Amino acid sequence: MSAGKRLPRAILIDMDNGILSAHGRPEIAWTNADASWRLKLAEARHLTVKGGFAALAAAGHRALPDDLAMSPDDRFTSYREEDMSIGPGGHDVIDRLKALGVKLALVTKGAADTQRTMLQRFES
-10 MSAGKRLPRA
0 ILIDMDNGIL
10 SAHGRPEIAW
20 TNADASWRLK
30 LAEARHLTVK
40 GGFAALAAAG
50 HRALPDDLAM
60 SPDDRFTSYR
70 EEDMSIGPGG
80 HDVIDRLKAL
90 GVKLALVTKG
100 AADTQRTMLQ
110 RFES
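At position 75 of the sequence shown (counting the first as 1) the number is 64 in the working numbering, and the numbers step up by one without a gap.
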């Protein structure tokens, strides 16, 4: 660090598609999301999938049992969690800032249990 530049005292890091990424275009999903469901994502996805299959059944297509209809949604959730990764250089940046004495805080709008799992997974 050059002598003339000062570091910030603290930095807030956005966990959701900031330091962690699972989707290339999350704004598409969030643009269509109802804020009241933001902490109940699994339930909201299940209702959406059930509604889609109900609409197909109402249009004369064969109805699917709920457990079969939910399996693609559950797979999406699993895939999202499996595909989650820290962005290129993310660990290095965080480690360097910590070494320089910059205080770091992680912020998120996600559900606590899901985010806690992600933090534990990527803790280094």
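Quick reminder that beta carbons are idealized off the backbone N, C-alpha and C, glycines included. For clarity, every value in this text was computed on a predicted model and none was experimentally measured.
For LYS39, the three-state secondary structure derived from DSSP is helix. Here DSSP, grouped into helix, strand and coil, assigns ALA33 to helix. Segment contact: the stretch 42 to 56 against the stretch 73 to 86, fewer than three CB-CB distances shorter than 8 angstroms; contact not assigned. Separation of the CB atoms of LYS92 and ALA(-1) is rounded to 4 angstroms, and the pair is thereby assigned contact status at 8 angstroms. Under DSSP, LYS92 shares a beta bridge with ALA(-1). In its chain, beyond the 5 residues on either side, ILE2, MET4 have a beta carbon closer than 6 angstroms to the beta carbon of LEU95.
Residue range 101 to 111 is occupied by the alpha helix (DSSP H) that includes LEU108. From the listed residues PRO77, ASP102, ALA33, the smallest Cα separation to GLU70 is found for ASP102.
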